[in-house]
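What follows is a short report on a single structure.
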Amino acid sequence: MFSKACEYGIRALIYIAHKSTEGDKLSIKDIAKETGSPEHFIAKILQTLSKQGLVSSTKGPNGGFFLEKNAAPISVMDVIYAIDGPNPFSACVLGLRECDDKHPCPLHNNYKPIKIELLKLFSTKTIQELAISISKGNVINNFLRE
Numbered sequence: 014m015f016s017k018a019c020e021y022g023i024r025a026l027i028y029i030a031h032k033s034t035e036g037d038k039l040s041i042k043d044i045a046k047e048t049g050s051p052e053h054f055i056a057k058i059l060q061t062l063s064k065q066g067l068v069s070s071t072k073g074p075n076g077g078f079f080l081e082k083n084a085a086p087i088s089v090m091d092v093i094y095a096i097d098g099p100n101p102f103s104a105c106v107l108g109l110r111e112c113d114d115k116h117p118c119p120l121h122n123n124y125k126p127i128k129i130e131l132l133k134l135f136s137t138k139t140i141q142e143l144a145i146s147i148s149k150g151n152v153i154n155n156f157l158r159e
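My numbering applies: residue 14 is where the sequence shown begins, and numbers increase by one.
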């Protein structure tokens, strides 16, 4: 559904949010290991997320990535937009070049309400809520590592 970069970015922010509640600053190496992401790739992704203001970082021996305690909630859609751009669901579900309300593909009208629901879900579900689910043990144990 999303690019690999977006998947890694979402998992990284969930992990950072989960650990930021403990006041930890996380290294690229730790984030890559715990999210099953290639180290060089997650470094680029986190740089993008940092430039967008979705994650904070400090340099030095005690540095790393973290979420500010008073940070505004980060929706999953915020991460999707930062990495995959503003129209993540605009492509035709069948991969056709021309597919819209005027010229629909055979699945367009079936997919449209699902797309609307996905946009609502990802716009309202926050990274912090997902991190809390991990803390409470409400998700599968291997969520972060793939």
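For each residue, glycine too, the CB sits at the ideal point set by N, CA and C.
Asked	Found
Nearest-angstrom beta carbon gap, leucine 109 and cysteine 118 [assumed within contact, 8 Å]	5 Å
Alpha-carbon to alpha-carbon, isoleucine 27 and glycine 73	23 Å
Leucine 131 - DSSP class collapsed to helix/strand/coil	helix
From Glu81, Ser136, Thr137 and Arg24, residue whose alpha carbon lies closest to that of isoleucine 44	Arg24
Where glutamate 159 falls, given that 16 or more other Cβ within 10 Å makes a residue buried	Note that glutamate 159 scores 46 on pLDDT, short of 50, meaning its location in the model is unreliable and no value can be drawn from it.
Length of the line joining the Cα atoms of glutamate 111 and threonine 139	33 Å
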